[in-house]
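Enquirer: Protein chains in written order, with the working numbering: chain A, 9 to 491; chain B, 584 to 1073.
1) Check whether the Cβ atoms of residue 458 of chain A and residue 286 of chain A sit closer than 8 Å, and answer yes or no.
2) Suppose you measure from the CA of residue 547 of chain B to the CA of residue 697 of chain B; what does that come to, to the nearest Å?
3) Determine, using beta carbons only, whether residue 412 of chain A comes closer than 8 Å to chain B.
4) With DSSP as the reference, label residue 234 of chain A as helix, strand or coil.
5) Taking the C-alpha atoms as reference points, what is the distance between residue 432 of chain A and residue 72 of chain A?
6) Using a Cβ-Cβ cut-off of 8 Å, state whether residue 666 of chain B counts as contacting chain A.
7) Looking at chain A, is there any beta carbon in it that lies within less than 8 Å of the beta carbon of residue 734 of chain B?
8) May I ask you to report which of helix, strand or coil DSSP gives residue 361 of chain A?
9) Nearest chain A C-beta to residue 627 of chain B closer than 8 Å, yes or no?
10) At which residue ranges does the region 951–1039 of chain B contain complete beta strand (DSSP E) runs of 3 or more residues, listed in the order of the chain?
11) Measuring CB to CB, does residue 161 of chain A end up less than 8 Å from residue 140 of chain A?
12) Does DSSP put residue 800 of chain B in a helix, in a strand, or in coil?
13) On the DSSP letters alone, give me the boundaries of the alpha helix (DSSP H) that residue 395 of chain A sits inside.
14) Measuring alpha carbon to alpha carbon, tell me which residue in A/53, A/75, A/359, A/194 is nearest residue 85 of chain A.
15) With distances taken Cα to Cα, identify the nearest neighbour of residue 979 of chain B among B/597, B/996, B/1001.
16) Closer than 7 Å, Cβ to Cβ, to anything on chain A: give me those residues from the region 855–871 of chain B, in chain order.
17) Specify, as a first and last residue, the run of the beta strand (DSSP E) that residue 690 of chain B falls within.
18) Measure the Cβ-Cβ separation of residue 1049 of chain B and residue 1032 of chain B and say whether it is below 8 Å.
19) If we count the other Cβ atoms within 10 Å of its Cβ and call it buried at 16 or more, is residue 159 of chain A buried or exposed?
20) What residues in its chain sit with their C-beta under 8 Å from that of residue 748 of chain B, if we drop five residues either side in the sequence?
21) Give the straight-line distance between the Cα atoms of residue 143 of chain A and residue 355 of chain A, rounded to the nearest whole angstrom.
22) On the criterion of 16 or more Cβ atoms from any shown chain inside 10 Å, does residue 1014 of chain B qualify as buried, or is it exposed?
23) What does the Cβ neighbour count give for residue 933 of chain B, buried or exposed, with the cut at 16 atoms within 10 Å?
24) Contact criterion: CB-CB distance below 8 Å. Does residue 1078 of chain B meet it with respect to chain A?
25) Given residue 602 of chain B, which residues of its chain have a CB within under 6 Å of its CB, disregarding the five upstream and five downstream residues?
26) Under 8 Å between the Cβ atoms of residue 711 of chain B and residue 736 of chain B?
27) Can you tell me the Cα-Cα spacing of residue 269 of chain A and residue 434 of chain A, whole angstroms?
28) Pick out whichever of B/693, B/1047, B/941, B/970 has its Cα sitting closest to the Cα of residue 960 of chain B.
29) Using a Cβ-Cβ cutoff of 7 Å, what residues of the region 666–699 of chain B are near chain A? List them in chain order.
30) Less than 8 Å between the CB atoms is what I'm expecting for residue 222 of chain A and residue 194 of chain A, so what's the real figure, rounded?
31) Determine the chain B residues that contact residue 241 of chain A at a beta-carbon separation under 8 Å, and present them in chain order.
32) Drop a sphere of 10 angstroms on the beta-carbon of residue 977 of chain B, count the other beta-carbons inside from all chains shown, and report buried for 16 or more, exposed for fewer.
33) Please list the terminal residues of the continuous beta strand (DSSP E) segment that includes residue 127 of chain A.
34) With DSSP run on the structure shown, which of helix, strand or coil describes residue 491 of chain A?
35) With a cut-off of 8 Å on the beta carbons, I'd call residue 770 of chain B and residue 600 of chain B a contact; round off their distance for me.
36) Establish whether the CB of residue 200 of chain A and some CB of chain B are separated by less than 8 Å.
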């Protein structure tokens, strides 16, 4: 079945003319028709546009002007701007908003000849860990429809795991790619901050946000990262010479690779079943020659709190533009401020309003120094601590999530527990480090992910190590129990 | 009666004369159909990101240097958060802090009556973005024009306590500041179009007190005159309030040009909390010391300094030299003309009078250099005025002929000395010719001659005029005058 193939396998079949881009697109659209009613990964499926770009992709294949990903279908998280296609961020405040421009990453997908299948669900404005904060749709975990796919890129992760797309783009502010990748049993990669353009990504926490790939193999994640990365003159925080290379991906091994295990991420918060699956994977990596050592990174304890000051502070300002005046939905009240508060009060969801209020508070006169300034100090202290560790280790390793996929609604009333799930993934965002989650085993028949984090700009090396790990963990990836 | 001392702080916003906006590529222009110079960035669409305009940053550095500021070698942009319909992103990108603005702790000299300058301390020169404009729609309701949103805006704020102590000084400060901005080419200085906006804050305190009074801020001032009148009005209004034993209320007031009075726009109940923080979308700016020093060394001589030099070097008076430095091209035209052999005083007189008049009438401007190819530039070059100056000083032509020559040069670009050669316009200094002409005029005008002889000496001008007409203006007027007096007094 075409939908079970990875992007690299599909690309080989497209190049050898065993199949066509149109057949590949049709197969995925058919499976979406068949399965997405249950999964709920997509907010919008762009059927006609997808078939049209599949025809164009096939023409490029026929003319031999194709690239490595020409004709490969892709799903895109609905906080990435798409020209002519509604972009909602799963929020009612953006219902009806059709961007007049493509995000840089979307332009790059189009230039690569990829076929955009549709836009995927997320926690509203990417604020959440379960996808349950979507104002528009419930997305279910392909491993168990009663469970959350994780978040915030839950739609993208579920789509890839359920074979409704071979690969997808997500965004990661505190773990939003890696966490759902882990909970859905696939690969999710957050590149170094600045290696992928944020232009057109609807901002949540600007200094933390990074766009990245979700796929079923490290190789696919690497090739999608390569396709969307690179310097963008429209994004001032984009790094120079930042295109991610994949040429050395398969040339590494784990022999002699120095891996640090942060002591603080092996706490009691990690479920025993997750711990067991992780330890088993670790043993396999050691057998392959990895040199594993425990490392003490005390600042990790402050990661979540620091993140929950900085991210909401930036969000409170980033989301100020949603005033109903220039785009999106509008509600009316008394006078200008009345209109704005009616629009925002009625159309933002609870979690979004909560974070805007927390962020506004953290930036307010009298509290700014105690919260925002202090959080920035902790952030830089944490980066320093991690950078010191990176002088001794090639990468740091931990479980991606301390728990397997939880039941929908299970943690709705325990916001603190939900936020603590980001413990392992947040440091990479605070430090701008590249970080990748890959499947490493199972607990209660649900996937467990492990997270590798490397120093800034070590993306190629990190992918190489992740690829070697994947080879050493043949039991890591499994198809979910779906037809 | 208590006497009050005014204190005036000045907050000036200057739109920078860049080609494109501060953070996007939309063009900068005035007027036009609403919302025709907009893009996702300056409309604040979701996901759009700013890219700073290098030219704008350089303009602020140059201005800050010209205003004798310290330069912040490391400077960041902040977000100033507030909701207003003309503010697309819900925040304005600006610069906050004491030593973070590109320029801080500078001063500007204003001329003092009777010579010398007074230094007005400047607190900050920073870079931000302009907002859109609210408009009332003909159909009722209001709309927003975002053409102006994102235009680079430089804010220049004086130090507190303010050095400006009168309406005259407030106006002089603005005159000098505008002249420097236009001189540096960073702002077109059009107060009526709003590209230069001034918001003075005014307070008074009883003479002898060192505690500054409650200040009011004045808006809608669209000319130097309005600034002057507005400050005068506020000082008088506040004085009357205090004289009645009442208190001045801290508020923002608008200036009504037609009634020449100010009115309350809004009362500041509490200081708004803008929640400034460093904009995470923009990398911190860093200026190399060498680069800053190069900018400093490349600054042109500024108008006030140049005016003082013109007085020293050429013996021009304050008024004449002031007119010459009213515009940089104008001053450079003058210097070039003098360099080409023109007499400073003669060139200055001709520029400020006849040449300025010709330019005004035609709508042309003085050309920057002889090679310039631009239809709005006058054909008259500095060489033309140097030529005229020579012709006058060596007595070849009188001023009446010189005026004709300038007119022709203006129309055709012909060099005056060439015209003189071609047409024999040489001034008549031949004594016998002048003697004959004077004699004839005396003979033909017995009435005025009698008047002169009976003591009405003023009539001599009329008689000299007759001689000039008779000689088609070519006679040397001082020789004619001399000869007329000699013959009449005979």
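C-beta atoms are modelled at their ideal positions from N, C-alpha and C, and glycine is treated no differently. Predicted model only: the values in this text are computed from it and were never measured.
Expert: According to the data block:
1) The residue labelled residue 458 of chain A in the question sits at position 450 within the first chain. The residue labelled residue 286 of chain A in the question sits at position 278 within the first chain. For residue 458 of chain A and residue 286 of chain A, yes; Cβs fall inside 8 Å.
2) A query on residue 547 of chain B cannot be resolved here, the shown segment of chain B reaching from 584 to 1073 and no further.
3) Along the first chain, read from residue 1 onward, the residue named residue 412 of chain A stands at position 404. No, residue 412 of chain A lies away from the interface with chain B (no Cβ there is under 8 Å from its Cβ).
4) Sequence index remark: in the first chain, residue 234 of chain A carries index 226 (1-based). Here residue 234 of chain A sits in helix by DSSP.
5) Here residue 432 of chain A refers to the residue found at position 424 of the first chain. Here residue 72 of chain A refers to the residue found at position 64 of the first chain. One C-alpha to the other measures close to 44 Å.
6) Within the second chain, residue 666 of chain B is the residue found at index 83, counting from 1. Residue 666 of chain B counts as touching chain A.
7) Reading the second chain from its first residue, position 151 is the one you call residue 734 of chain B. Not closer than 8 Å to any Cβ of chain A, the Cβ of residue 734 of chain B fails to qualify, so no.
8) Translated into positions along the first chain, residue 361 of chain A becomes position 353. In this structure, residue 361 of chain A counts as helix in the three-state DSSP scheme.
9) In the second chain, residue 627 of chain B corresponds to position 44, counting from 1. True, the Cβ-Cβ gap to chain A drops below 8 Å.
10) none
11) Your numbering for residue 161 of chain A matches position 153 in the first chain. Your numbering for residue 140 of chain A matches position 132 in the first chain. Result no, Cβ atoms of residue 161 of chain A and residue 140 of chain A do not sit closer than 8 Å.
12) What you label residue 800 of chain B is simply residue 217 of the second chain in a count that begins at 1. Strand at residue 800 of chain B.
13) Looking up residue 395 of chain A in the first chain gives position 387. 382–398 is the span of the alpha helix (DSSP H), which, as asked, contains residue 395 of chain A.
14) Along the first chain, one-based indexing puts residue 85 of chain A at 77. The option with the nearest alpha carbon to residue 85 of chain A is A/53.
15) Here residue 979 of chain B refers to the residue found at position 396 of the second chain. Of the listed residues, the one whose Cα sits closest to residue 979 of chain B is B/1001.
16) 856, 858, 860, 863, 864, 865, 866
17) The residue you call residue 690 of chain B lines up with position 107 of the second chain. Note, residue 690 of chain B: beta strand (DSSP E), 686–694.
18) If you number the second chain from 1, residue 1049 of chain B lands on position 466. If you number the second chain from 1, residue 1032 of chain B lands on position 449. Not closer than 8 Å, so no.
19) Numbered from 1 along the first chain, position 151 holds the residue referred to as residue 159 of chain A. By the 10 Å Cβ count, residue 159 of chain A comes out buried.
20) Walking along the second chain from the start, residue 748 of chain B turns up at place 165. Counting only Cβ-Cβ distances below 8 Å, and skipping sequence neighbours, we find 588, 589, 590, 591.
21) As a working note, residue 143 of chain A is residue 135 in the first chain. As a working note, residue 355 of chain A is residue 347 in the first chain. Each residue's alpha carbon lies about 9 Å from the other.
22) Residue 1014 of chain B sits at position 431 when you count from the first residue of the second chain. Counting Cβ neighbours within 10 Å, residue 1014 of chain B comes out exposed, since fewer than 16 surround it.
23) Here the question's residue 933 of chain B lines up with position 350 in the second chain. Its Cβ being crowded by 16 or more others within 10 Å, residue 933 of chain B is buried.
24) Only positions 584 to 1073 of chain B appear in this structure, which leaves residue 1078 of chain B out of reach.
25) Here residue 602 of chain B is taken as the residue at index 19 of the second chain, counted from 1. Hits under 6 Å: none found.
26) Here residue 711 of chain B refers to the residue found at position 128 when the second chain is read from its first residue. Here residue 736 of chain B refers to the residue found at position 153 when the second chain is read from its first residue. Yes, Cβ-Cβ distance for residue 711 of chain B and residue 736 of chain B is below 8 Å.
27) Locating residue 269 of chain A in the first chain gives position 261, counting from the first residue. Locating residue 434 of chain A in the first chain gives position 426, counting from the first residue. Spanning the two alpha carbons is a distance of roughly 16 Å.
28) In the second chain, residue 960 of chain B corresponds to position 377, counting from 1. Nearest C-alpha to residue 960 of chain B: B/941.
29) 666, 668, 671, 672, 673, 674
30) By 1-based counting over the first chain, the position of residue 222 of chain A is 214. By 1-based counting over the first chain, the position of residue 194 of chain A is 186. With a Cβ gap of about 6 Å, residue 222 of chain A and residue 194 of chain A count as contacting.
31) Translated into positions along the first chain, residue 241 of chain A becomes position 233. Ordered by position in chain B, the residues that pass the 8 Å Cβ test against residue 241 of chain A are 634.
32) Residue numbering aside, residue 977 of chain B sits at position 394 when the second chain is read from its first letter. Exposed is the call here.
33) Indexing the first chain from 1 puts residue 127 of chain A at position 119. First-last of the beta strand (DSSP E) with residue 127 of chain A: 123–128.
34) Along the first chain, one-based indexing puts residue 491 of chain A at 483. In the structure shown, residue 491 of chain A sits in coil (DSSP, three-state: anything other than H, G, I, E or B).
35) Position 187 of the second chain, counted from the first residue, corresponds to residue 770 of chain B. Position 17 of the second chain, counted from the first residue, corresponds to residue 600 of chain B. Contact flag correct, Cβ pair sits at about 6 Å.
36) Taking the first chain and counting its residues from 1, one reaches residue 200 of chain A at position 192. False, the Cβ-Cβ gap to chain B never drops below 8 Å.
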